[in-house]
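Asks:
Residue numbers (this note's numbering): -4 to 326.
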């Protein structure tokens, strides 16, 4: 039986993590400190999210895929990915600088890591005024300069620095060296992958008293050595009670919906699941063409819902006002 699925997030302690996103949820353990990430829809092998509502409560996303296959994700999506959900959706809360890092593309990741690569995007949430990111080199680089800059702690000086605000969108193609700066909160949409190659981590020491491992050799294998040529940080203007495209890639399409009245969405021609991430306010999402009793779910800041591909008529009723990221895969 298919209906809109909510999931219990997976929470991750991080050295750089904060306390903001932990306040969005009722079920963060009281002794869990520095919540850096909340994975709200995940099919990553070691960290699957479990259904939190309806008859399938307690089932994993993998359980749903094995039973419902293309009815859950869409015919073309299932043909391309099989019993692997193609995306990982999360919220990130950084009160300290994240490591400077890079992600591989699918070809490299499949060959060397038996994994998908990691193309991703960030939607910037309300953050302190000095929220910022690094995205791409600000000059041509080479292995010698990179190694020397890591050794003397000046690597960040060679990165393009962007001050960001709520509603900014950062697209991070594979091979792009990047980092999130302190006091920045984002929603992240990415391929289903947990691959990160760290170049530099500010010489931080983990809970075990040791520096976190770097993967410089792999990073040098996959990175671009020049500045990013296309615009990677944008600020699309919202459309009230409509959808404005934030990013369309071969891996995901993400739209922003800003609502102050009920809106109907028709996905008959899409042939994909749809996920909503709530980035402001709250709402009720109803599948009007579903046959289950659990066709309506409430959604609030920090939560996500997965709409199966077999459900096409969706009504979203905001509670006052809300903003949602609408995410799907077009193949």
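All C-beta atoms in this analysis are idealised placements derived from N, C-alpha and C, irrespective of residue type, glycine included.
Are the beta-carbon atoms of residue 13 and residue 100 separated by less than 8 Å?
Replies: It is not a contact, given that the beta carbons lie outside the stated cut-off.
Asks: I'd like the list of long-range same chain contacts for residue 189, defined as Cβ closer than 6 Å, with 5 residues on each side in sequence excluded.
Replies: Only 39 meet the Cβ criterion.
Asks: How far does the beta strand (DSSP E) with residue 248 in it extend, from its first residue to its last?
Replies: Start and end: 248 to 254.
Asks: Residues in its own chain within less than 7 Å of residue -4 by CB, not counting five upstream and five downstream?
Replies: Counting only Cβ-Cβ distances below 7 Å, and skipping sequence neighbours, we find 50, 287.
Asks: So residue 80 and residue 111 are supposed to be a Cβ contact under 8 Å. How far apart are they, rounded?
Replies: Actually they do not touch by this definition, with Cβ atoms about 11 Å apart.
Asks: Could you say if the stretch 131 to 149 and the stretch 194 to 208 meet the contact criterion of at least three C-beta pairs nearer than 8 Å?
Replies: The stretch 131 to 149, when compared against the stretch 194 to 208, does touch it at the 8 Å Cβ threshold.
Asks: How is residue 80 classed by DSSP in three states: helix, strand or coil?
Replies: Coil at residue 80, not helix or strand.
Asks: Looking only at its own chain, which residues have a Cβ that is under 6 Å from the Cβ of residue 174, when we skip the five neighbours before and after it?
Replies: So the list reads 93, 95, 129, once near-sequence residues are dropped.
Asks: What is the residue span of the beta strand (DSSP E) that residue 295 lies within?
Replies: From DSSP, the beta strand (DSSP E) with residue 295 extends over 291 to 295.
Asks: Check whether the Cβ atoms of residue 306 and residue 271 lie closer than 8 Å to each other.
Replies: No. Outside cutoff.
Asks: Can you look up residue -2 in the DSSP assignment and give me helix, strand or coil?
Replies: The answer is coil: DSSP assigns residue -2 none of H, G, I, E or B.
Asks: Taking the runs of the beta strand (DSSP E) that are 3 residues or longer, which of them lie wholly in the stretch 31 to 92?
Replies: Fully enclosed beta strand (DSSP E) runs of 3 or longer: 82 to 89.
Asks: Answer with buried or exposed for residue 123, where buried requires no fewer than 16 other C-beta atoms within 10 angstroms of its C-beta.
Replies: Exposed, because fewer than 16 other Cβ atoms sit within 10 Å of the Cβ of residue 123.
Asks: For residue 308 versus residue 276, is the C-beta distance shorter than 8 Å?
Replies: No, the Cβ-Cβ distance between residue 308 and residue 276 is not below 8 Å.
Asks: Measure the C-alpha to C-alpha separation of residue 176 and residue 300 and round it to an integer number of angstroms.
Replies: When rounded, the distance between both Cα atoms is 28 Å.
Asks: Give the straight-line distance between the Cα atoms of residue 109 and residue 256, rounded to the nearest whole angstrom.
Replies: About 45 Å.
Asks: Can you find the residues in the same chain that come closer than 8 Å, C-beta to C-beta, to residue 131, ignoring five residues on each side of it along the sequence?
Replies: These residues qualify, in order along the chain: 154, 155, 171, 172, 173, 219, 222, 223, 227.
Asks: With distances taken between CB atoms, is the gap from residue 356 to residue 157 smaller than 8 Å?
Replies: Here the chain covers residues -4 to 326 and nothing more, so residue 356 does not appear.
Asks: Taking three-plus beta-carbon pairs below 8 Å as touching, is the stretch 2 to 16 in contact with the stretch 28 to 39?
Replies: Because the criterion of three Cβ pairs below 8 Å is met, the stretch 2 to 16 and the stretch 28 to 39 touch.
Asks: Which complete beta strand (DSSP E) runs does the stretch 111 to 160 hold, if anything under 3 residues is left out?
Replies: You should have 115 to 119, 127 to 132, 154 to 158.
Asks: Out of 281, 160, 138, which has the shortest C-alpha to C-alpha gap to residue 1?
Replies: Taking only the C-alpha atoms, the option nearest residue 1 is 281.
Asks: Which residues mark the beginning and the end of the alpha helix (DSSP H) in which residue 104 is found?
Replies: Residue 104 -> alpha helix (DSSP H) spans 101 to 108.
Asks: Please classify residue 216: does DSSP put it in a helix, a strand, or coil?
Replies: Residue 216: helix per DSSP, three-state reduction.
Asks: Beta-carbon separation of residue 117 and residue 183 under 8 Å?
Replies: Yes, they are a contact pair.
Asks: At the level of alpha carbons, what is the spacing between residue 258 and residue 163?
Replies: If you take the alpha carbons of residue 258 and residue 163, they lie about 24 Å apart.
Asks: Relative to the alpha-carbon of residue 86, which residue among 323, 185, 240, 246 has its alpha-carbon at the smallest distance?
Replies: Among 323, 185, 240, 246, the Cα nearest to that of residue 86 is on 185.
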